[in-house]
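Novice: Numbering (the working numbering), first residue to last: 8 to 444.
Glycine included, every Cβ here is placed at the ideal spot set by N, Cα and C.
On a predicted model such as this, the values are computed, not experimentally measured, just so you know.
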């Protein structure tokens, strides 16, 4: 019987199989591991005998947590303690997903702060209602910061490498600003992601006390009250080991005063950055690209929050800025993504031609939507015609995707039956694909 055969496998192999069945991530483990351990006593022994299977946990909290006394909090803490007791001394990962914004919870704070084995913490506020500040999270961070002084200047989370704060419906007000003193809390942090609806204060003060030297991944997503082009420069200056930078400012409601945009006499050189993603206004993206040197850059992802005609971006089009970045940085960009960027078909072709190492290209309502007169939408045929006439662009391309207005999507990758047609005759490939849509 199959069940007898699998039970004859060595425990290490059986544990690996069960880990694959469980999904190998925090989202699946919460329900799948207990189910598998109830199948038979042998499986339960194997699962309990391999502590690495119990290092991850996802908790969806759909009821509103209130301050003590609240049985929901004590039950949650008991569940966390019971689960992680099986993990031994291994590093731990936790996702707390709140669908209802919780209140202050002292005992839960105490448990989270006292646990020094966290490797990854994710806090998500998925409440459907827009809220002013996330008091629960801000009080947790404040309590964690206070523990530094209370514990002889020892950080409460010395092994924390990843911190993800997802609060897409939260407005962080100036009266109760968001402050993340993570240098005192998690001095070895490597990855931080912060998502918010609206930030009324400038972003720099939020990250004043960051462990910048240990950071390798930084992602910030939300809407700003004041457009601040200086922030990406600030991150690169402070984080010399950063490999992945994503600054996604969906929109803003006022601009910096004139003269506040950085004008760098000597370009800022960052030698370790490999992936850059920017969602800014073009008058922020262009001066940034012109003012940095990124010799290790391999992936570039550029978007703008609103469709802007090329005539509105002055004398320095985006294509020139990208080519300047590449020529001065001596980098080999292998992946390019452009979304809603103001370029003509010829300019997009110029960008692709300047990046001979490109293996992956994704164009989303970008570039080829502008006509010759640079002020009206145009079909993408012109872009593919120029690409076909040139014949030398994209010599090592492996994946190409164009998403136009509406739902039209045209993709091809190495191994597809039409890939050779795309390589030799891009316009013919496009017309063939368009005829199928």
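(1) If you check the beta carbons only, do residue 176 and residue 228 fall under 8 Å apart?
(2) What's the call for residue 267, buried or exposed, on a 16-neighbour Cβ count within 10 Å?
(3) Is residue 168 buried or exposed, if buried means 16 or more other CB atoms sit within 10 Å of its CB?
(4) Going by DSSP in three states, residue 165 sits in which element: helix, strand or coil?
(5) Identify the continuous alpha helix (DSSP H) that holds residue 333 and give its terminal residues.
(6) Nearest-angstrom Cα distance between residue 309 and residue 346?
(7) Taking 8 Å as the cut-off, does the segment 70-84 touch the segment 112-119 (at least 3 CB pairs, one atom from each stretch)?
(8) Between 23, 324, 158, 134, which has its C-alpha nearest residue 58's C-alpha?
(9) Shortest alpha-carbon distance to residue 221 belongs to which of 246, 236, 201, 238?
(10) Consult DSSP for residue 19 and reduce its assignment to one of helix, strand or coil.
(11) Skipping 5 residues on each side, what residues in its chain have a beta carbon closer than 8 Å to that of residue 450?
(12) Within the present structure, is the beta-carbon of residue 187 separated from the nearest heavy atom of the ligand ADP by less than 7 Å?
(13) By how many angstroms is the C-alpha of residue 190 removed from the C-alpha of residue 348?
(14) In the DSSP assignment, what residue or residues form a beta bridge with residue 409?
(15) Roughly how many angstroms separate the alpha carbons of residue 405 and residue 420, rounded to a whole number?
(16) Could you give the distance in angstroms between the alpha-carbon of residue 48 and the alpha-carbon of residue 99?
(17) Should residue 422 go down as buried or exposed, given a rule of 16 or more other Cβ atoms within 10 Å for buried?
(18) Could you check if residue 354 is buried or exposed, using at least 16 other CB atoms within 10 Å of its CB as the buried criterion?
(19) Three-state secondary structure (DSSP) at residue 346?
(20) When burial is assigned at 16 or more other CB atoms within 10 Å of the CB, is residue 389 buried or exposed?
(21) With a threshold of 8 Å on Cβ separation, who are the neighbours of residue 366 within its own chain once the five nearest residues in sequence on each side are excluded?
(22) Cα-Cα, which of 171, 363, 418, 182 is closest to residue 371?
(23) Throw me the rounded Cβ distance for the residue 173 and residue 131 pair, which I believe falls under 8 Å.
(24) Residues in its own chain within less than 8 Å of residue 255 by CB, not counting five upstream and five downstream?
(25) What three-state label does DSSP hand residue 219 in the structure shown?
(26) Take residue 127 as the anchor and find which of 243, 165, 329, 436 has the nearest alpha-carbon.
(27) Along the chain, where does the alpha helix (DSSP H) that runs through residue 353 open and close?
(28) Going by CA-CA distance only, name the one from 186, 94, 111 that's closest to residue 5.
(29) Mind checking who residue 201 pairs with in its DSSP beta bridge?
(30) Whose C-beta lies closer than 8 Å to the C-beta of residue 265 among residues of the same chain, with five residues either side of it excluded?
(31) Let me know the alpha helix (DSSP H) ranges lying completely inside the segment 109-146, each 4 residues or longer, listed in chain order.
(32) Between which two residues does the alpha helix (DSSP H) containing residue 236 stretch?
(33) Look up residue 425 in the DSSP assignment and say whether it is helix, strand or coil.
(34) Taking a contact to mean a Cβ-Cβ separation below 8 Å, would you say residue 212 touches residue 184 in this structure?
(35) Under 8 Å, Cβ to Cβ, is there at least one residue of chain D near residue 235?
(36) Can you tell me whether DSSP reads residue 60 as helix, strand or coil?
Specialist: From the atom records:
(1) no
(2) No answer about residue 267 holds up, because its pLDDT of 44 lies below 50 and its placement is not dependable.
(3) buried
(4) coil
(5) 325-336
(6) 6 Å
(7) yes
(8) 23
(9) 246
(10) helix
(11) In the structure displayed, the chain extends from 8 to 444; residue 450 sits before or after that span and is not available.
(12) Looking for the ligand ADP in the displayed structure turns up nothing, as the structure carries no ligands at all.
(13) 37 Å
(14) 370, 417
(15) 5 Å
(16) 26 Å
(17) exposed
(18) buried
(19) strand
(20) buried
(21) 341, 342, 403, 404, 405, 406
(22) 418
(23) 4 Å
(24) 226, 227, 228, 229, 284, 285, 286, 310
(25) helix
(26) 165
(27) 352-360
(28) Lying outside 8 to 444, the shown extent of the chain, residue 5 is not represented and no answer is given.
(29) 172, 227
(30) Only weak support exists for where residue 265 lies, its pLDDT of 43 falling under 50; the value from the coordinates is given anyway. The answer is none, since no qualifying residue turns up.
(31) 113-121
(32) Per DSSP, residue 236 belongs to no alpha helix (DSSP H) and is neither H nor E.
(33) coil
(34) yes
(35) Among the protein chains of the structure shown there is no chain D, as only one such chain exists.
(36) helix
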